[in-house]
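Accompanying notes for the structure given below.
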Ligand SMILES: [Zn+2]
Ligand SMILES: [Zn+2]
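Numbering (my numbering), first residue to last: -19 to 218.
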């Protein structure tokens, strides 16, 4: 997103906070409590026929796509309902680069149904942690903000202390899949106060999946049997 688009997005957000009757995206008048008008809501596109394993569109019928049948990801299940393009992408970028926490709530509420149908329920939501220096710099962890909305909606508790990021890994953007995997290797430690068997890792966007793969490896080693990944959006591999 260009600096100008980002600035425009932030201005819209500020306008919305002061004038909540106006659509967060286009500024048109709202008829209900939804912060997006029906046209803008419709632009938040869902992933069509998502694979339950990788979250990407499944070209064939069934729960798992051919790519995952051949080469299953390390985690057991992924739900990431929004397409990372168009308006959805603009919003998600703002979530990362500005304190647009209001947006995270809007996006989470827009796609509650995708998570509601998932069973059995994870025992605990674990937000993908930031390194403490990053957290201090930014002032919030967007993964935690998202987990907080889903926790409240589904009555699943959050554990934000069990998983920690040991190193401040350089930004993943612009790196290849192999570089990303090396970048996060052994970057996490998991020390829960009680034992978990079924957890959902929460993040905003899953790109190549290298971060959640590394965390899943750490959780499995600590005895967690079933790891789900819950995210707002998934970047397609194709
Ligand atoms: Zn609108
Ligand atoms: Zn798949």
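Yeah, the Cβ is synthetic: ideal placement off N, Cα and C, and Gly gets one too.
Q: For the region 7 to 42, list the alpha helix (DSSP H) runs that are entirely contained and at least 4 residues long, ordered along the chain.
A: 18 to 23
Q: In angstroms with no decimal places, state the Cα-to-Cα distance between residue 129 and residue 63.
A: 20 Å
Q. Using the C-alpha atoms, what's the distance from residue 6 back to residue 126?
A. 23 Å
Q: Output the distance between the C-alpha atoms of residue 13 and residue 4, rounded to the nearest integer angstrom.
A: 12 Å
Q: Pick helix, strand or coil for residue 118, following the three-state DSSP scheme.
A: helix
Q | Contact set, ligand 2 heavy atom to C-beta under 6 Å | A | 31, 33, 34, 36, 44, 45, 47, 48
Q: With DSSP as the reference, label residue 164 as helix, strand or coil.
A: helix
Q.
Need the endpoints of the alpha helix (DSSP H) that residue 144 sits in, please.
A. No alpha helix (DSSP H) holds residue 144; the beta strand (DSSP E) holding it covers 143 to 145.
Q | The alpha helix (DSSP H) enclosing residue 195, as first and last residue numbers | A | 190 to 201
Q) Can residue 73 be considered in contact with ligand 1, in the sense that its beta carbon sits closer than 7 Å to one or more heavy atoms? A) no
(Q) I'd like to confirm the pairing. Which residues does DSSP put opposite residue 85 in its beta bridges? (A) Per DSSP, none; premise fails for residue 85.
**Q.** C-beta contact flag for residue 144 and residue 172 at 8 Å
**A.** no
Q.
Along the chain, where does the alpha helix (DSSP H) containing residue 4 start, and where does it finish?
A. Per DSSP, residue 4 belongs to no alpha helix (DSSP H) and is neither H nor E.
Q | Beta carbon shell of ligand 3 at less than 6 Å from a heavy atom | A | Within the structure as shown, ligand 3 is missing, the only ligands being ligand 1 and ligand 2.
Q | Test: residue 73 CB closer than 8 Å to a CB of chain C | A | Protein chain content of the structure displayed is limited to a single chain, and chain C is not contained in it.
Q) Which of helix, strand or coil does DSSP assign to residue 208? A) strand
Q) What is the DSSP secondary structure of residue 129, reduced to helix, strand or coil? A) helix
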